[in-house]
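Just so we're aligned, residue 15 is where the first sequence starts under this note's numbering, counting upward by one. Virtual Cβ for every residue (Gly too), placed ideally from N, Cα, C. Right, one structure below, let's go through it.
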Amino acid sequence: MSEIPDLAVMAKNLEKRLVNHTVKDVVLHVSKNANATENGFYGALVNHKIKSLCREGKDLHIEIGDHILALRLMLHGELRLVVAEFPKFPIFELDFGGMRLCLTDFQSQARPILNPDPVVVPDALDVSFTFFHQMLERKKSDIKAVLTDQKNIRGIGNAYADEILYDAGIAPHSIANKVPAEKLFKSMRTVLIQAIERIGMSDPDRITGENRSFMKVHLPDKLQTLKGETILVDKKGTRKSYYVKSQSFYK
DNA sequence: CCCTATGTTGCGAA
DNA sequence: CTTCGCAACATAGG
């Protein structure tokens with residue numbers, strides 16, 4: 015659920031809280047999706063300091079000693095910094111001796127990844143226009159499916175894809191290689207960067223959850239946008255797209 | 001009780 | 001072979 019903006023704010027706030035803390039213990043509560051055993055995480059991470067923490071696509075990357083610990087939140091993963099609490103649905107935790115960082119997920123899909131493979135797919139906020147344009151040229155599927163597929167560009171999910179396409183005035187089921195690439199590229203950056211700024215301002219200490227109060231069209235409970243446009247809903251497979259009539263359909 | 005939410009995976013179809 | 005579309009999985013909370 016968490017996409018680039020929420021994760022970016024989370025990463026910044028967590029970094030403030032965690033840099034220079036030493037990992038004293040690790041607990042792997044749910045191992046089925048992890049790429050290492052509890053002993054593997056323990057050996058790599060314990061007695062090492064947190065050097066930095068950043069967002070990479072939809073993952074958080076924590077640099078600990080000479081290792082990278084990636085946390086992938088999937089749909090419902092949440093992070094909490096706690097002292098005495100033991101949050102429900104624990105997946106993994108880093109213990110700093112008193113304070114603990116807990117990854118939880120009621121669907122048990124969130125996972126810790128030790129030393130993830132180096133990333134080759136560019137992030138939506140790092141990708142060059144040239145690369146983005148060439149990637150779109152190769153795709154004949156729905157533009158929305160292209161934007162949300164992490165094999166193309168990383169970090170955008172169902173909700174922000176709707177917001178970006180609304181901003182660009184492009185209908186979600188347009189054919190990817192027919193849409194105005196430059197317009198879409200600009201909207202992608204504008205929407206994501208503005209959301210990071212707004213969430214950062216309104217939730218200066220947020221380390222979990224998401225803030226969708228700034229969304230303009232991905233509004234499951236509303237019939238109209240703030241501008242009074244009727245919100246249309248389309249279901250393709252089980253994914254819903256929210257958009258308005260004025261978004262052009264390129265085919 | 002039934003429905004909703006959606007990231008990711010994997011398979012069948014084109 | 002490649003690419004696309006969709007079903008399947010996970011399950012708390014409304």
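For the beta strand (DSSP E) containing residue i, list its first residue and its last residue.
i: P104; result: 104 to 109
i: D248; result: 246 to 250
i: Y257; result: 253 to 257
i: V96; result: 92 to 96
Tell me whether residue i sits in a helix, a strand or coil according to DSSP, three-state version.
i: E77; result: strand
i: R203; result: helix
i: D334; result: The chain is shown only over 15 to 265; residue 334 falls outside these bounds and no answer can be derived.
i: R31; result: helix
i: A48; result: coil
i: A185; result: coil
i: S262; result: strand
i: D217; result: coil
i: Q148; result: helix
i: Q208; result: helix
i: D163; result: coil
i: L21; result: helix
Taking 6 Å as the limit between beta carbons, can you name the residues of its chain near residue i, skipping five residues before and five after?
i: A84; result: D73, H75, I127, P130
i: R69; result: L21, A22, A25
i: A173; result: H232
i: P186; result: K158, L179, S255, Y257
i: V33; result: I64
Cutting at 7 Å between CB atoms, please list the residues of its own chain near residue i, excluding the five before and the five after it.
i: R31; result: L95
i: D219; result: N27
i: V141; result: I167
Between which two residues does the alpha helix (DSSP H) harbouring residue i extend?
i: I64; result: It is not in any alpha helix (DSSP H) - I64 instead sits in the beta strand (DSSP E) that spans 64 to 70.
i: D181; result: 172 to 182
i: K192; result: No alpha helix (DSSP H) holds K192; DSSP gives it neither H nor E.
Can you grab the Cα-Cα spacing for the pair residue i / residue j, in whole Å?
i: F146; j: K197; result: 12 Å
i: M113; j: V97; result: 5 Å
i: D217; j: A182; result: 27 Å
i: K65; j: I189; result: 43 Å
i: D137; j: I213; result: 20 Å
i: K230; j: T144; result: 28 Å
Excluding five sequence neighbours on each side, which residues of the same chain lie with their C-beta closer than 8 Å to the C-beta of residue i?
i: H90; result: M15, D119, F120, Q121, Q123, A124
What are the uninterrupted segments assigned as beta strand (DSSP E) that are 3 or more residues long and contained completely in the region 117 to 141, given in chain order? 125 to 128
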